[in-house]
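A quick write-up on the structure given underneath.
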Amino acid sequence: MTKHVIVGGGPVATNAIETIRQFDSGASQITLVCDEPAHSRMALPYWLSGQIPREQTHTGDDAYFQKLSVDALIGTRANSLDVAGKTLSLDNGQTLEFDKLLIATGASPVALSIPGADLPGVQSLWTLDHTDRLLAATQSLERPRVLMIGAGFIGFIVLNAMHKRGWALTVVEREAHVLPRMLDADAAAIVESWLTNKGIQLHCGTSVQSIAAADDGALRVELDDSSTVIVDRVIVAVGITPNLELVQGTGIDVKDGIVVNQHMQTSVADVYAGGDVAQGPTLYGGDPEIHSIQPTAVDHGRVAGANMAGQDVSYPGSLSMNILDTCGLQNASFGNWADHAAEALTISNTDGHVYRKLLWSDDEITGAVFVGQANDLGMLTDVGMVKGIMQTRTALGPWKTYLKENSFDIRRAYVATGVAQKLAGMTLLGRPSQTRQFRFQGAKVSNQPTAAHANFVSTKAD
Ligand SMILES: Cc1cc2nc3c(=O)[nH]c(=O)nc-3n(C[C@H](O)[C@H](O)[C@H](O)COP(=O)(O)OP(=O)(O)OC[C@H]3O[C@@H](n4cnc5c(N)ncnc54)[C@H](O)[C@@H]3O)c2cc1C
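Heads up, the sequence shown is in my numbering, so the first residue is 10 and it goes up one at a time.
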C-alpha cells in the first residue's frame, strides 16, 4: 500500500488529500502532519471582523479525517527530512516512512528589526493564535487604536476586517503609495482618497523608526517623518517568507521557494511541494514564481494530489491575481499588470473612484488593474470576465479595437469570443471537480437570496 505523507494543513494539504481519495478511493495510506488545526488563513479576517466564530475557519475535523481514512497528526511538527531514506522525523519523536511526500508548509510573516518590535503589543496577523491574541487584547477597549506597518494585500484584508469593527486605524507604508505590489500609483491614489474619507490615517513614503511603551499599556510609534502615533496595538504586515526549514540541506532545489515543475514535483523524485512554499510554473511562462494566494494553493494541492495518486496531470501555470475590498472600494489586479513596456489602455475617474487599465500583448490581455465601488455591478462582472479572458488566454482579434473605444463593454467581447464556453470546458484534472467534503457543522450550501444579493439580482421574478 502506497504511503503518502503530507506536511501542512492549509488549502494545499486538504485539496491534495481529497484529490488522492478521488482517484484511489482509500487504497493508500495518508498521514497528515500539521502543527496547527487544518484551517483556512483566508477565513481569519471573517473571524476578526466578528462575522464567523473561530471554529468556522477550520477546514477539517476528526470525523472528516476519519471519513477520508487520514491519520491526522494535528499539533505535530515535522522537524527533519531524509530524502534518501524516505523518512520524516517529527517533534513527538516519531519517524514516518513515506513513498510520496508533499511539502505544504506555507509561509511565515517577516519580522521587523526596529527598536520595540518585540514589545507584547506588536504582532503579525497570519495565524489562528495571532487572531486570538488581537481579539483578546482589544476586547476591553471601547475603540481600539491600531497601527498597521505595511500596506500590502494581506495587510489590507486585515485592515478591512478591523474597519468593520469600527476601530481607529493608521497605516504606515514605506513605499510611495499603498498596495505597491498590486496597484500602480494612479489606482493607489484613488484607494488612498477613499480610505482617507473613511477616516483611516495614511502615512506613505515613510517608515516606523521605533516603538516604545506609553502610558496605560499604549504604544508610542515614532515615524521617520517625525510624527508620533499613540496606539493600543501594532500589526506588522511587511511581507512573508516561505517555510523552507524542512528542505534545508536535503539537496532539494530551492530558489526563493521550493522549485516545482508542472507536476508539482521537486527536484527529488517522489517529493512534491505546493502553495506558499513553492515556486511553480506561471500561466504566461517564464521563470517559476511564488504566487502566495489561495487559488494557487488550491490548484497546486489538486495537481500534486492527482500525480501522487499515479495520474499524469500537468498544471498550465498559475495566474497572479489579487482581488481586494478596501472598506467598500474593490480593487483587483491580474497577470503582468506592472509591465511598463506593454501597450496599455487606461480609464481614470478620480472623483468617481473608478480606474481601469488593460495591458496588451498583441491582441491578448496580459495584465489588468481595476478600482471601483462594491455596489457597481458592471465593475464586478467585468473583473470576472477579464479574469476569464486571461485564464483562457483568448486572442481578442477585432474586439481589441472595440474595447479601445468601448472600454466599459467587456461583456460583448467576452461573449463574442466564446470565453464562457472555453472556461466551462476547462478542468484542472481532466474530470469535473467535486465539492469539498467538509462543511462547518455539516451546514448545507444555501442558495437562498440574502440582502447582499440585492446589489446583483432581483429576489423576485418579474
Ligand atoms: C489573514 C490572511 C488573509 C488572506 N486572505 C486571502 C485572500 O483573500 N485571498 C487569497 O487568495 N489569499 C489569501 N491569503 C493567503 C492564503 O491564505 C495563502 O496563500 C494560503 O493559505 C497558502 O496555503 P498553503 O497550504 O500553502 O499554506 P498555509 O495555509 O500557510 O498552511 C501551511 C500549514 O503548515 C504548517 N506547517 C508549517 N511548517 C510545518 C512543519 N514543519 N510541520 C508541521 N506543520 C507545519 C503551518 O503552521 C500551516 O498551518 C490570506 C492569508 C492570510 C494570513
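Ideal placement from N, C-alpha and C gives every residue a C-beta, glycine not left out.
Mind checking which residues open and close the beta strand (DSSP E) that includes residue i?
i, result
"E151", "Unbroken run through E151: none, as it is neither H nor E."
"S117", "A116 to P118"
"W408", "Unbroken run through W408 is the alpha helix (DSSP H), W408 to E414; no beta strand (DSSP E)."
"N358", "E352 to N358"
"W56", "First-last for W56: L53 to L57, but that is the alpha helix (DSSP H), not the beta strand (DSSP E)."
"V363", "V363 to S370"
"P251", "I249 to P251"
"V181", "A177 to E182"
"K12", "K12 to V16"
By alpha-carbon positions, which one of the options ends up nearest to residue i?
i, options, result
"V238", "L412, K207, W203 and I158", "I158"
"M191", "D334, Q400, S357 and I398", "D334"
"G337", "H349, I29 and L389", "L389"
"A113", "D127, A87 and L137", "A87"
"V380", "V312, N331, N345 and D241", "N331"
"T436", "Q31, E27, Y324 and V269", "Y324"
"G226", "L386, V131, T179 and D296", "V131"
"V307", "H48, L354, I419 and G35", "H48"
"S58", "V21, L143 and D262", "L143"
"K109", "Q274, K76, G125 and G35", "Q274"
"Y250", "V240, G260, V286 and A223", "Per the sequence presented here, residue 250 reads as Thr, with Tyr not at that position. The shortest Cα separation from T250 among V240, G260, V286 and A223 belongs to V286."
"G393", "I419, D127, L368 and Q65", "I419"
"I166", "T401, T147 and W135", "W135"
"W369", "C43, N358 and D348", "D348"
"Q271", "Q339, H309 and D262", "H309"
"F128", "T403, P441 and V240", "This sequence places Leu at residue 128; Phe is not what is there. Of the candidates T403, P441 and V240, the one whose C-alpha sits nearest the C-alpha of L128 is V240."
"L228", "A126, A313 and T28", "A126"
"H300", "Q450, A422, L53 and G266", "G266"
"R440", "Q31, G18 and T23", "Q31"
From residue i to residue j, what does the alpha carbon distance come to, in whole angstroms?
i, j, result
"E151", "W176", "9 Å"
"S235", "L156", "16 Å"
"V322", "L90", "26 Å"
"V16", "T410", "49 Å"
"Q79", "V245", "Rather than Gln, the amino acid found at residue 79 in this sequence is Val. Whole-angstrom Cα-Cα distance: 36 Å."
"F162", "L188", "6 Å"
"A25", "A318", "10 Å"
"S122", "K12", "42 Å"
"E184", "V247", "11 Å"
"E201", "L211", "8 Å"
"T215", "V21", "36 Å"
"G284", "S327", "11 Å"
"T68", "T444", "13 Å"
"F447", "L232", "46 Å"
"G102", "G344", "44 Å"
"H172", "K453", "30 Å"
"I209", "F417", "30 Å"
"A197", "N206", "14 Å"
"N316", "Q38", "15 Å"
"H513", "A429", "Residue 513 falls outside the range modelled here, since the chain spans only 10 to 471, and no answer is possible."
"D71", "R50", "19 Å"
"D195", "A383", "19 Å"
"D471", "S455", "Residue placement at D471 is poorly supported in this model, since its pLDDT is 47, which falls under 50; the coordinates are not used for a value here."
"S149", "R174", "13 Å"
"V395", "I374", "8 Å"
"S34", "L386", "42 Å"
"H139", "K413", "46 Å"
"T66", "V180", "26 Å"
According to DSSP, simplified to helix, strand and coil, what is residue i?
i, result
"R242", "strand"
"I26", "helix"
"G214", "coil"
"D91", "strand"
"M157", "strand"
"H48", "strand"
"K109", "strand"
"D100", "coil"
"D234", "coil"
"Q271", "coil"
"Q450", "helix"
"D471", "Reliability of the predicted coordinates at D471 is poor, the pLDDT of 47 falling under 50, and the value obtained from them is presented with this limitation in mind. Residue state, collapsed to three classes: coil."
"Y281", "strand"
"H309", "helix"
Across which residues does DSSP place residue i in a beta bridge pair?
i, result
"N456", "According to DSSP, which records beta bridges pairwise, N456 is partnered with nothing at all."
"N340", "L333 and V380"
"R229", "A221 and I239"
"G289", "E298"
If you follow the alpha helix (DSSP H) that residue i is part of, which residue opens it and which one closes it?
i, result
"T205", "A194 to N206"
"L386", "L386 to Q400"
"L121", "Unbroken run through L121: none, as it is neither H nor E."
"G166", "In the sequence on display, residue 166 carries Ile and not Gly. Segment F162 to K173, the alpha helix (DSSP H) holding I166."
"Q75", "D71 to K76"
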